[in-house]
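In the working numbering, the protein residues as written are 4 to 233.
Next up, the structure:
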């Protein structure tokens with residue numbers, strides 16, 4: 004099964020094409036520009052370099068949040084268009100789950116953190132055993148100190164939020180804070196593709212027509228319906 008996976012949840016952007024467990028192509032960009040400037044060209048390059056055409060893609064996977072509101076909308080809009088236009092299935096996964104799976108540690112708590120701006124992080128916690136991840140805390144948005152409040156054991160911190168608030172983490176839990184290799188702080192579309200494979204194979208897919216981002220917190224700007232409109 005050939006899967007095209009896209010992540011636009013953070014300032015980095017990742018596109019990958021996988022055929023079952025074989026990676027055909029992956030492109031990662033960290034230019035700190037809006038993803039709308041390069042996402043479509045990344046997808047086309049991945050198709051060309053992977054030797055795959057759109058009609059050969061069996062399914063599309065995308066991170067659905069939490070993360071950058073604008074980034075999520077860009078990636079999800081592209082994937083929904085592909086799925087609806089080509090009549091292909093879609094799988095959406097938590098960006099924090101994908102990030103945590105990239106950990107190679109099974110001897111400690113894992114804390115995934117994505118910068119949520121407004122002095123907040125999106126975070127969740129996990130444990131890994133025999134290569135499988137177990138989520139032990141739901142995705143949440145909170146200030147970095149609150150995210151540290153009850154950690155009393157060695158913990159591996161992953162994601163751009165942990166890098167941004169590294170000093171806060173060290174002040175709160177000191178030597179119990181562990182850090183992965185630098186490349187593990189980035190969400191990889193290849194990881195997303197491999198995680199989605201099980202859901203594709205079991206037909207546990209999402210409806211593209213109703214698929215939407217999961218922001219975890221309310222947007223900074225929203226439209227309030229006037230009181231006199233029912």
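Yeah, the Cβ is synthetic: ideal placement off N, Cα and C, and Gly gets one too.
Item                                                                                                                                                                   : Value
Helix or strand or just coil, what does DSSP make of residue 66?                                                                                                       : strand
Output needed for residue 92: all residues of its chain with C-beta closer than 6 Å, excluding positions within five of it in sequence on either side, in chain order. : 62 and 208
Using C-beta distances below 6 Å, list every residue in its chain close to residue 113, excluding the 5 sequence neighbours before and after it, in chain order.       : 103, 106, 129 and 159
Looking at the structure shown, is residue 109 part of a helix, part of a strand, or coil, going by DSSP?                                                              : coil
Report buried or exposed for residue 215, applying the criterion of at least 16 other Cβ atoms within 10 angstroms of its Cβ.                                          : exposed
Within the continuous beta strand (DSSP E) that includes residue 97, where are the two ends?                                                                           : 93-97
From the DSSP output, in three-state form, read off residue 314 for me.                                                                                                : This structure does not reach residue 314, given that the chain is present from 4 up to 233, and the question cannot be answered.
Using three-state DSSP, classify residue 83 as helix, strand or coil.                                                                                                  : helix
Just checking my contact of residue 69 with residue 142 at CB under 8 Å: how many whole Å lie between their CB atoms?                                                  : 6 Å
On the DSSP bridge assignment, give the partners of residue 168 in chain order.                                                                                        : Paired residues: none, contrary to the question.
For the beta strand (DSSP E) holding residue 130, just list the boundary residues, first then last.                                                                    : 123-132
Are the beta-carbon atoms belonging to residue 96 and residue 200 less than 8 Å from one another?                                                                      : no
What residue range does the alpha helix (DSSP H) around residue 202 cover?                                                                                             : 192-204
How big is the Cα-Cα spacing for residue 185 and residue 84?                                                                                                           : 33 Å
Tell me residue 17's beta-bridge partners as DSSP assigns them.                                                                                                        : 10 and 31
So if DSSP puts residue 143 in a beta bridge, which residue, or which two residues, is it bridged to?                                                                  : 126
Using a Cβ-Cβ cutoff of less than 6 Å, which residues in the same chain neighbour residue 115 once the five nearest sequence positions on both sides are dropped?      : 99, 102, 103, 127, 161 and 162
Helix, strand or coil: how does DSSP classify residue 116 here?                                                                                                        : strand
Run through the DSSP bridge pairs and tell me what residue 189 is partnered with.                                                                                      : DSSP output for residue 189 lists no bridge partner at all.
Report yes if the C-beta distance between residue 111 and residue 181 is below 8 Å; otherwise report no.                                                               : yes
What did DSSP end up calling residue 135 once you bin it into helix, strand or coil?                                                                                   : strand
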